[in-house]
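**Student:** FYI, the numbering for the first sequence is 5 to 299, going by the numbering used here.
Where a beta carbon is used, it is the ideal one built from N, C-alpha and C, also for glycine.
As the structure is a computational prediction, the values presented were derived from the model and not from experiment.
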Amino acid sequence: MENMFRENKNWIDHFNLLEIFSCGQAFHWEEEKDGSFTTVYQDQWVNLKKEGDQVFWFFSENSKKEMWYSYFDLGTDYKKVIEKIEAVPLMKEATQYGRGIRILKQDPFETIMTFIISANNHIPRITKAVKDLSRLYGREIGEYRGRKLYSFPNPEEFAKISMDELRNIIKVGYRDKALYETGRRILSGDYDLKKAESLSTPELRKELLNLPGVGPKVADCILLFAYQRMEVFPVDVWIHRVMEEFILKEKGSKKEIYQKSVELFGKEAGYAQQYLFYYGRAIGIGKKEKKPKNM
DNA sequence: GTCCAGGCCAGAC
DNA sequence: GTCTGGCCTGGA
5 MENMFRENKN
15 WIDHFNLLEI
25 FSCGQAFHWE
35 EEKDGSFTTV
45 YQDQWVNLKK
55 EGDQVFWFFS
65 ENSKKEMWYS
75 YFDLGTDYKK
85 VIEKIEAVPL
95 MKEATQYGRG
105 IRILKQDPFE
115 TIMTFIISAN
125 NHIPRITKAV
135 KDLSRLYGRE
145 IGEYRGRKLY
155 SFPNPEEFAK
165 ISMDELRNII
175 KVGYRDKALY
185 ETGRRILSGD
195 YDLKKAESLS
205 TPELRKELLN
215 LPGVGPKVAD
225 CILLFAYQRM
235 EVFPVDVWIH
245 RVMEEFILKE
255 KGSKKEIYQK
265 SVELFGKEAG
275 YAQQYLFYYG
285 RAIGIGKKEK
295 KPKNM
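Now the structure itself:
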């Protein structure tokens with residue numbers, strides 16, 4: 005039997021499943037018809053539902069509550085995080101709007117591969133690629149409400165996928181080579197998943213940047229979403245626009261924006277990035293105006 | 001048909 | 001080190 009329990013804890017004020025999963029960090033989850041969410045971590049899965057001030061947990065037999073507590077970063081007091089950053093312009097609104105956001109602790113290999121796919125790509129295509137990779141090359145790890153759940157392929161499983169399959173079945177486009185190569189480098193231990201945990205953030209960042217398909221933005225996403233390096237500030241186009249418009253009040257390079265985030269948010273930069281990203285997208289900040297025709 | 005998206009990379013300066 | 005253009009794919 006799977007494990008099931010419900011609880012009402014102080015972290016409930018900062019725990020909104022839709023916000024957690026749709027703020028840009030995760031692609032391996034599903035919203036159920038009843039408003040609950042199902043997600044997978046390695047070979048474990050969980051289904052969660054929030055009702056009022058209670059959360060109902062239902063997870064696979066092979067996992068423990070503590071594991072999911074860690075996955076959802078429940079040991080961090082987000083109220084304190086917000087108190088530290090809300091003095092910065094726009095942060096009061098952003099942290100209020102996305103107050104249920106939490107930064108997930110995701111599997112490093114899956115996160116590396118997923119964010120290589122994410123480069124210059126659309127969310128629906130990223131989600132589909134992750135789902136197809138898991139269904140076709142991962143392992144079936146259970147069934148929930150009539151739907152089979154699959155783990156993301158581990159390095160051994162990933163190495164069995166050909167470049168042709170990556171391009172023509174998973175449809176990752178020109179990212180096929182980078183995925184193929186990176187998968188092999190990780191399997192061979194050239195990039196050491198175990199050792200990575202113990203490296204300093206600058207060292208780990210350098211290691212990640214050596215992987216094909218991993219540039220500054222993707223490396224920062226991996227550092228933040230898989231390695232809990234909360235001081236990093238991934239600068240994508242949305243964050244770039246938000247920072248230029250509301251913080252810098254002028255055009256700035258990626259480097260300038262990154263430096264500004266260090267100065268303003270310090271060790272909480274990663275959290276700030278998530279609030280800004282979610283808020284910026286919601287209100288369409290800096291979105292390019294479509295030129296009317298015939299003008 | 002045309003444009004471009006939650007960047008990366010190679011080549012040019 | 002900084003800047004520019006090209007890139008799979010598919011939905012608007």
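Just the C-alpha distance for Glu169 and Glu185, rounded to the nearest angstrom, thanks.
**Tutor:** Within the first sequence, residue 169 is the residue found at index 165, counting from 1. Within the first sequence, residue 185 is the residue found at index 181, counting from 1. C-alpha separation (whole angstroms): 14 Å.
**Student:** In this structure, how does DSSP classify Tyr282 when only helix, strand and coil are distinguished?
**Tutor:** Stepping through the first sequence from its first residue, residue 282 is reached at position 278. Here Tyr282 sits in helix by DSSP.
**Student:** Whole angstroms is fine: what's the gap from Phe63's alpha carbon to Ser40's?
**Tutor:** Within the first sequence, the letter at position 59 stands for residue 63. Within the first sequence, the letter at position 36 stands for residue 40. The alpha-carbon atoms of Phe63 and Ser40 are separated by roughly 13 Å.
**Student:** Compare the beta carbon distance of Ile107 and Asp77 with 8 Å and say whether it is the shorter of the two.
**Tutor:** What you label residue 107 is simply residue 103 of the first sequence in a count that begins at 1. What you label residue 77 is simply residue 73 of the first sequence in a count that begins at 1. Yes, the Cβ-Cβ distance between Ile107 and Asp77 is below 8 Å.
**Student:** Buried or exposed: where does Glu201 fall if 16 or more other Cβ atoms within 10 Å of its Cβ makes it buried?
**Tutor:** As a working note, residue 201 is residue 197 in the first sequence. Exposed, because fewer than 16 other Cβ atoms sit within 10 Å of the Cβ of Glu201.
**Student:** Output the distance between the C-alpha atoms of Ile145 and Ile127, rounded to the nearest integer angstrom.
**Tutor:** Indexing the first sequence from 1 puts residue 145 at position 141. Indexing the first sequence from 1 puts residue 127 at position 123. C-alpha separation (whole angstroms): 25 Å.
**Student:** Using DSSP with H/G/I as helix, E/B as strand and the rest coil, what is Met5?
**Tutor:** Counting from 1 along the first sequence, the entry for residue 5 is found at position 1. In this prediction, Met5 scores a pLDDT of 47, lower than 50, which makes its location untrustworthy; the coordinate-derived value is nonetheless stated afterwards. The answer is coil: DSSP assigns Met5 none of H, G, I, E or B.
**Student:** In angstroms with no decimal places, state the Cα-to-Cα distance between Tyr231 and Glu55.
**Tutor:** Within the first sequence, the letter at position 227 stands for residue 231. Within the first sequence, the letter at position 51 stands for residue 55. One C-alpha to the other measures close to 30 Å.
**Student:** Going by DSSP, name the residue or residues bridged to Leu153.
**Tutor:** By one-based count along the first sequence, residue 153 stands at place 149. Per DSSP, Gly146.
**Student:** Could you tell me which residues DSSP puts in a beta bridge with Thr42?
**Tutor:** If you number the first sequence from 1, residue 42 lands on position 38. DSSP, once it has assigned bridges, lists Glu34, Asn51 as partnering Thr42.
**Student:** Measure the CB-CB distance between Thr118 and Val134 and report whether it falls below 8 Å.
**Tutor:** Position 114 of the first sequence, counted from the start, is the residue given in the question as residue 118. Position 130 of the first sequence, counted from the start, is the residue given in the question as residue 134. Yes, the pair counts as a contact, with Cβ atoms nearer than the cut-off.
**Student:** Identify the continuous beta strand (DSSP E) that holds Phe63 and give its terminal residues.
**Tutor:** Here the question's residue 63 lines up with position 59 in the first sequence. Run containing Phe63: 58 to 63, per the beta strand (DSSP E) assignment.
**Student:** May I ask you to report which of helix, strand or coil DSSP gives Arg10?
**Tutor:** Position 6 of the first sequence, counted from the start, is the residue given in the question as residue 10. If DSSP states are grouped into helix, strand and coil, Arg10 belongs with the strands.
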